[in-house]
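Report on the structure given below.
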Amino acid sequence: MAKRLFFGLELPASAREALAAADPQLKNVRWVKAEKLHLTLSFPGEVEPEQEGALHEALAAVRVPPFFLPIRGVGTFGGSKPSVLWAGVGKGHPHLFGLHKHLQDAVLRAGLQPDLRPFHPHVTLARIRDVSAEVLRPFLRKHAETEFGMWEVQEFVLYSSRLSSEGSEYTVELRCGLQ
Ligand code: 2AM
730 MAKRLFFGLE LPASAREALA AADPQLKNVR WVKAEKLHLT LSFPGEVEPE QEGALHEALA
790 AVRVPPFFLP IRGVGTFGGS KPSVLWAGVG KGHPHLFGLH KHLQDAVLRA GLQPDLRPFH
850 PHVTLARIRD VSAEVLRPFL RKHAETEFGM WEVQEFVLYS SRLSSEGSEY TVELRCGLQ
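Numbers in the working numbering are just positions in the sequence shown, counted from 1, shifted up by 729.
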């Protein structure tokens, strides 16, 4: 059976707790549960079992050394009609962009189609519906420079995502150490 796959970084518990605690508890701002917070690196999407094997093999060529990454600042996607509230990674470490590129290449080598939109590294904090940018402004100001955590990224994770009545459920399929 096909799986919905994506590559991501698992955040350290301390950063997840800090991000969960920042919830301003605004109406129609649905905060992501602490255990589900992650940073998506590449999204191949629906993958058949035989392609999943090819994807695992293609990962052998992913060579990026460990690097330190902050979780810092917040922002929104969606302009005047925000749909997603996110935490950023400061300027973003060059190795983070390197890892994204290596994973996109691995997805292509496995014969799959990666999401080709520009990479805006972020941790989705909340999904938003019918909330004006103005209502979010105090939160955005308060946390413009907040550092929620800093850690050494030593691995990336292949997750599968399954929709359930509780929303998306993520399962770790594979952990790959950086080298
Ligand atoms: P998001 O955090 O910005 O919502 C699992 O669904 C992860 O894959 C989520 O982190 C989500 O990003 C990302 N994702 C879902 N659909 C996607 C798509 N079509 N292209 C790229 N990333 C996607």
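Yeah, the Cβ is synthetic: ideal placement off N, Cα and C, and Gly gets one too. This structure is a prediction, so every number in the text was calculated from the model and none was measured.
Item, Value
"Given Ala-744 as reference, the closest of Glu-777, Arg-801, Ala-787, Pro-794 once Cα atoms are compared", "Arg-801"
"Residue interval of the beta strand (DSSP E) (run including Arg-858)", "It is not in any beta strand (DSSP E) - Arg-858 carries neither H nor E in the DSSP assignment."
"Quiz: which residues have CB nearer than 5 Å to the ligand 2AM non-hydrogen atoms", "Phe-735, Thr-769, Phe-772, Asp-844, Thr-853, Ser-890"
"Whole-Å CB distance - Val-758 paired with Leu-814, under 8 Å assumed", "7 Å"
"4 or more residues per run - each alpha helix (DSSP H) lying fully within the stretch 824 to 908", "862 to 871"
"8 Å Cβ cutoff met for Leu-832 and Leu-770", "yes"
"Same chain only: Cβ atoms within 6 Å of Phe-735, ignoring 5 sequence neighbours per side", "Thr-769, Phe-772, Tyr-888"
"Stretch-stretch touch, CB-based, cutoff 8 Å, three pairs: the stretch 798 to 812 with the stretch 894 to 901", "no"
"Own chain residues within Cβ distance below 7 Å of Gly-807, not counting five before or after", "Val-813"
"Length of the line joining the Cα atoms of Gly-840 and Gln-780", "7 Å"
"Rounded separation between Glu-876 and Leu-748 - CA only", "10 Å"
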